[in-house]
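Peer 1:
2 protein chains.
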Amino acid sequence: MKIAVDAMGGDFAPGVVVSGALEACREYKQPVILVGDEAAIHNELNGYSGTDLLEIVHAPEVISNNESPAVAVRRKKNSSIVRSVSLVKEGEAAALVSAGSTGGVMAAALLGLGRIKGIDRPAIVSIIPSLKGGTVLLDVGANVDCKPYQLVQFAIMGSLYAEKVMGISFPRVALLSNGEEDTKGNELTLAAYPLLKMTELNFIGNAEGRDIFNGTVDVMVCDGFVGNVVLKTGEGLASALIEMVKEEVNKNMLAKLGALIAVPALKNFRRRLDYAEYGGAPLLGVNGIAIICHGSSSARAIKNAIRTAREAAENNLIGSIRDSVQDGPRREVGS
Amino acid sequence: MKIAVDAMGGDFAPGVVVSGALEACREYKQPVILVGDEAAIHNELNGYSGTDLLEIVHAPEVISNNESPAVAVRRKKNSSIVRSVSLVKEGEAAALVSAGSTGGVMAAALLGLGRIKGIDRPAIVSIIPSLKGGTVLLDVGANVDCKPYQLVQFAIMGSLYAEKVMGISFPRVALLSNGEEDTKGNELTLAAYPLLKMTELNFIGNAEGRDIFNGTVDVMVCDGFVGNVVLKTGEGLASALIEMVKEEVNKNMLAKLGALIAVPALKNFRRRLDYAEYGGAPLLGVNGIAIICHGSSSARAIKNAIRTAREAAENNLIGSIRDSVQDGPRREVGS
């Protein structure tokens, strides 16, 4: 089971991507196909050929953040993103990992792999660190305006992700709202609520923003606009807290000692909030496993994303989603 | 200039409310009218009559969180909330402060004071602590579904609040969105964007969740659903971080020292995030100044809210809003 890695994607490609792929080969014994400009990749490998887990597929074109994804993926058939998707489509790779343009990965995956039947729009998942492990939050940006039944599809996919990849049995699914009572919500969530009640998901009702972090919910469902605001709010707050603690600690020596422990803990948390840095963000709803990484991903982030991709493939995430949505949202999940 | 304080509102009323009012009398020389059950208030005053700044208006009925606000404010004419609003309407008080039912205060203010002409729906404001002071965030819960022009009205009211009460000249107003580019947004914000451009507000375009805390925006505009999710996400994240730092510090002695500084700093931040605890949440758009406090408000929170009410009254916030919206959103703000 090989994993295709877009060697040209990200701010520090191909250097950190190649490093991350090599780490995954070594640490997980994971076969990887590096997709990108062959010469550039060889240059990064720097003569290193100590692993037979590494293949290269030549794809010299690059899709940048500045071009229209829909146009670029049609025109640049030999781009690293499009070729990575093709490898998954052709069965050469079990999954793909890319730190390239998020729009490019989405467009290439939609065009190349297609949507899973019964899924209207794919969603991007973020695993938010919580006091009890992690909360699956979706959608975090693929769909700014949603229909109620799309939130139901997100809930089904998120629940399967929590179960199959994170090993949470009968995951608690909640609708992110402005209050816990079932009368709370906006038009969208009020309409989605009864639909979610009808599924056989472990739907626990509405939950509030604070429940993302306290471990009372496994899967939190929202539209991509709200999901993006939540992620950015979390990042911004963590950054602000780091600055504030730093200011406090400049006041005296004892406080300086405080910084020794507090600031690294806060920084670690902020890093984990940056979903793409932490195991990547799975794109759910397309016919294949695609893990999106942040453009600024480190080698470690790429390695973690490869691990996420492998876990999703090993646990047949796509097959499970396909089975669950084929019969509509009423089909039992978690059995 | 007297301020009416709902003595019966809040989890710890009338005790903490009376204490908070007394503190405001002493500290700010602010005349206060305590509105509520006279005997209960006297009991809390415990014979204390050291200030001539304190009056009592007898209003024995209480509106609880469990009753329908719209029904309760019509039926309980002698409730502390309704009587407080009446004092403002009759010009006996320049503003009111209540830690009672938020819905009750809103309903009573709407019924008793009416909306400012040109304002469709009142909004609740939260002042979020940021690296450069505070960010005015609105709406944080009064209106879950909004129309584009309502966001424009929120922007005008928020800008005036930042200018008149917080002393920020030509406040930077932004639309909370899922990206900074003007092409980002959901249906609502994409439609509000050009309307905001047409105003003479200092509209700086779209901003992201992280900009709430980094001091680059003075007034952040969103619908009440998103605003509520932002507030609760912030509260939840701050709480989770406190727990995580505590776990870290249990590891060794040096780390324990760290907690001495870090945890109080974090707790302080979380407290400030709880808008109602920190100076109260102004209800903007009604014909009078109403400051809503959290039900769990401390005496200090009540005192701070009285200060906020006084600043809003002194700076003629309502008159400014009235003038600004009467001529429609094009009227210059900040001049």
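Keeping their order, the protein sequence lines are chains A and B. Under the working numbering, the first sequence has 142 at position 142, and the numbering climbs by one with no breaks. If you want the working numbering, it's the 1-based position in the second sequence plus 1000. For each residue, glycine too, the CB sits at the ideal point set by N, CA and C. The structure presented is a predicted model; accordingly, all values stated were derived computationally and were not measured.
If we cut at 9 Å on Cβ distances, does T1102(B) have a partner in chain A?
Peer 2: Here residue 1102(B) corresponds to residue number 102 of the second sequence, with the count starting at 1. With 9 Å as the cut-off, T1102(B) does not count as an interface residue toward chain A.
Peer 1: Pick out whichever of S1177(B), S1169(B), G1215(B) and E1200(B) has its Cα sitting closest to the Cα of A1207(B).
Peer 2: Your numbering for residue 1207(B) matches position 207 in the second sequence. Nearest neighbour of A1207(B) by Cα position, chosen from S1177(B), S1169(B), G1215(B) and E1200(B), turns out to be S1177(B).
Peer 1: Report the option in A1109(B), L1137(B), E1027(B) and T1183(B) whose CA atom is closest to the CA atom of V1230(B).
Peer 2: As a working mapping, residue 1230(B) is identified with position 230 in the second sequence. That would be L1137(B), whose Cα lies nearest to the Cα of V1230(B).
Peer 1: Excluding five sequence neighbours on each side, which residues of the same chain lie with their C-beta closer than 7 Å to the C-beta of D1011(B)?
Peer 2: In the second sequence, counting from the first residue as 1, residue 1011(B) sits at position 11. G1295 and S1296, listed in sequence order.
Peer 1: Find the nearest neighbour of A1059(B) within the set E1067(B), D1037(B), N1065(B) and L1045(B), judged by alpha-carbon distance.
Peer 2: Numbered from its first residue, the second sequence carries residue 1059(B) at position 59. Per the Cα distances, D1037(B).
Peer 1: Starting from the beta carbon of I127(A), find every residue of chain B whose beta carbon is closer than 9 Å, and list them in chain order.
Peer 2: Translated into positions along the first sequence, residue 127(A) becomes position 127. None at all; the shortest Cβ gap to chain B is about 14 Å.
Peer 1: Compute the Euclidean distance between the alpha carbons of V1219(B) and P1148(B), then round it to the nearest angstrom.
Peer 2: Against the second sequence, residue 1219(B) aligns to sequence position 219. Against the second sequence, residue 1148(B) aligns to sequence position 148. Going from the Cα of V1219(B) to the Cα of P1148(B) covers about 17 Å.
Peer 1: Which residue wins for smallest C-alpha separation from G1319(B), given the options P1069(B), R1115(B) and L1087(B)?
Peer 2: Numbered from its first residue, the second sequence carries residue 1319(B) at position 319. Ranking the options by Cα distance to G1319(B), first place goes to R1115(B).
Peer 1: Grab me the residues of K303(A)'s own chain with a C-beta within less than 6 Å of its C-beta, minus the 5 sequence neighbours each way, in chain order.
Peer 2: As a working note, residue 303(A) is residue 303 in the first sequence. Answer for K303(A): G20, E23 and A24, listed in chain order.
Peer 1: L1283(B) and L1317(B): beta carbons closer than 9 Å?
Peer 2: By 1-based counting over the second sequence, the position of residue 1283(B) is 283. By 1-based counting over the second sequence, the position of residue 1317(B) is 317. Contact: no.
Peer 1: Check distances from the C-beta atoms of the region 1071 to 1087 of chain B to those of chain A and list, in chain order, the residues that come in under 7 Å.
Peer 2: Flagged: no residues at all.
Peer 1: If we call anything under 9 Å between Cβ atoms a contact, is A1070(B) one with A1109(B)?
Peer 2: Translated into the one-based positions of the second sequence, residue 1070(B) becomes position 70. Translated into the one-based positions of the second sequence, residue 1109(B) becomes position 109. Contact: no.
Peer 1: Does chain A have any CB closer than 9 Å to the CB of V1144(B)?
Peer 2: Mapped onto the second sequence, residue 1144(B) falls at position 144. Yes, V1144(B) counts as interfacial toward chain A.
Peer 1: Where in the region 85 to 122 of chain A do unbroken runs of the beta strand (DSSP E), each at least 3 residues long, occur, reported from the N-terminal end onward?
Peer 2: Counting only runs of 3 or more, we get 95 to 98.
Peer 1: Can you tell which of D211(A), E181(A) and V88(A) has the C-alpha that lies nearest to the C-alpha of L111(A)?
Peer 2: Within the first sequence, residue 111(A) is the residue found at index 111, counting from 1. Taking only the C-alpha atoms, the option nearest L111(A) is V88(A).
Peer 1: Just reading off the beta strand (DSSP E) that H58(A) is part of, what are its end residues?
Peer 2: Against the first sequence, residue 58(A) aligns to sequence position 58. H58(A) -> beta strand (DSSP E) spans L54 to H58.
Peer 1: Tell me which same chain residues have a C-beta within less than 6 Å of the C-beta of I204(A), skipping the five on either side of it?
Peer 2: On the first sequence, position 204 is the one that residue 204(A) refers to. Sequence-distant Cβ neighbours of I204(A) in its own chain, meaning closer than 6 Å and more than five residues away, are R172 and A174.
Peer 1: Under 9 Å, CB to CB, which of the residues in the region 1215 to 1242 of chain B have a partner in chain A?
Peer 2: Against chain A - using a Cβ distance shorter than 9 Å - the residues of the region 1215 to 1242 of chain B are G1215, C1222, D1223, G1224, F1225, V1226, G1227, N1228, V1229, V1230, L1231, K1232, T1233, G1234, E1235, G1236, L1237, A1238, S1239, A1240 and L1241.
Peer 1: With DSSP as the reference, label T233(A) as helix, strand or coil.
Peer 2: The residue given as residue 233(A) occupies position 233 in the first sequence. T233(A): helix per DSSP, three-state reduction.
Peer 1: To the nearest angstrom, how far is it from the Cα of A39(A) to the Cα of A309(A)?
Peer 2: Within the first sequence, numbered from 1, the residue matching residue 39(A) stands at position 39. Within the first sequence, numbered from 1, the residue matching residue 309(A) stands at position 309. C-alpha separation (whole angstroms): 26 Å.
Peer 1: Looking at the C-beta of E181(A), does it have a partner C-beta in chain B at a distance below 9 Å?
Peer 2: Counting from 1 along the first sequence, the entry for residue 181(A) is found at position 181. By this cut-off, E181(A) is not an interface position.
Peer 1: Classify P14(A) as buried or exposed, calling it buried when 16 or more other Cβ atoms lie within 10 Å of its own Cβ.
Peer 2: In the first sequence, counting from the first residue as 1, residue 14(A) sits at position 14. Only buried fits P14(A), as 16 or more other CB atoms lie within 10 angstroms of its CB.
Peer 1: Closer than 9 Å by beta-carbon distance: list the chain A residues that pair up with S1068(B), in chain order.
Peer 2: Translated into the one-based positions of the second sequence, residue 1068(B) becomes position 68. By Cβ distance, chain A contributes nothing, its closest Cβ being about 11 Å from S1068(B), past 9 Å.
Peer 1: Taking only the alpha-carbon atoms, compute the straight-line gap between P122(A) and D223(A) and give it to the nearest angstrom.
Peer 2: Along the first sequence, read from residue 1 onward, the residue named residue 122(A) stands at position 122. Along the first sequence, read from residue 1 onward, the residue named residue 223(A) stands at position 223. The alpha-carbon atoms of P122(A) and D223(A) are separated by roughly 12 Å.
Peer 1: Helix, strand or coil, according to DSSP, for S159(A) in the structure here?
Peer 2: Within the first sequence, the letter at position 159 stands for residue 159(A). DSSP places S159(A) in helix when its eight states are reduced to three.
Peer 1: Could you tell me which whole alpha helix (DSSP H) segments of length 4 or greater appear in the region 174 to 254 of chain A?
Peer 2: 187 to 198 and 224 to 249
Peer 1: Can you tell me where the beta strand (DSSP E) holding P14(A) begins and where it ends?
Peer 2: For this step, residue 14(A) is matched to residue 14 along the first sequence. From DSSP, P14(A) is part of no beta strand (DSSP E); its letter is neither H nor E.
Peer 1: So that I know if they touch, is there some Cβ in chain B lying closer than 9 Å to that of R210(A)?
Peer 2: On the first sequence, residue 210(A) is found 210 positions in, with the first residue counted as 1. With 9 Å as the cut-off, R210(A) counts as an interface residue toward chain B.
Peer 1: Short check: CB of A1094(B) to CB of K1029(B), under 9 Å?
Peer 2: As a position in the second sequence, residue 1094(B) is number 94, starting the count at 1. As a position in the second sequence, residue 1029(B) is number 29, starting the count at 1. No; because the gap between Cβ atoms is not below 9 Å, this pair is not in contact.
Peer 1: Bridge partners of R1172(B), per DSSP?
Peer 2: Along the second sequence, read from residue 1 onward, the residue named residue 1172(B) stands at position 172. Answer is N1202(B), bridged to R1172(B).
Peer 1: Applying the 10 Å Cβ sphere with the 16-neighbour rule, what's the burial state of M1157(B)?
Peer 2: As a first step, residue 1157(B) is located in the second sequence; it is residue number 157 there, counting from the start. Around the C-beta of M1157(B), 16 or more other C-beta atoms lie within 10 Å, and the residue is accordingly described as buried.
Peer 1: How would you list, in chain order, the residues of chain A whose beta-carbon sits under 9 Å from the beta-carbon of N1065(B)?
Peer 2: Position 65 of the second sequence, counting from 1, holds the residue named residue 1065(B). Correct list: empty, because the minimum Cβ distance to chain A is about 11 Å.
Peer 1: Less than 9 Å separating the beta-carbons of I1212(B) and L266(A)?
Peer 2: In the second sequence, residue 1212(B) corresponds to position 212, counting from 1. In the first sequence, residue 266(A) corresponds to position 266, counting from 1. It is not a contact, given that the beta carbons lie outside the stated cut-off.
Peer 1: So, does the CB of G114(A) fall closer than 9 Å to a CB anywhere in chain B?
Peer 2: Residue numbering aside, residue 114(A) sits at position 114 when the first sequence is read from its first letter. So no, G114(A) is outside the interface.
Peer 1: Could you tell me if K184(A) is buried or exposed, where buried requires 16 or more neighbouring beta carbons within 10 angstroms of its beta carbon?
Peer 2: As a working note, residue 184(A) is residue 184 in the first sequence. Around the CB of K184(A), 16 or more other CB atoms lie within 10 Å, so the residue is classed as buried.
Peer 1: Does the distance from the CB of S126(A) to the CB of I291(A) come in under 9 Å?
Peer 2: Numbered from 1 along the first sequence, position 126 holds the residue referred to as residue 126(A). Numbered from 1 along the first sequence, position 291 holds the residue referred to as residue 291(A). No.
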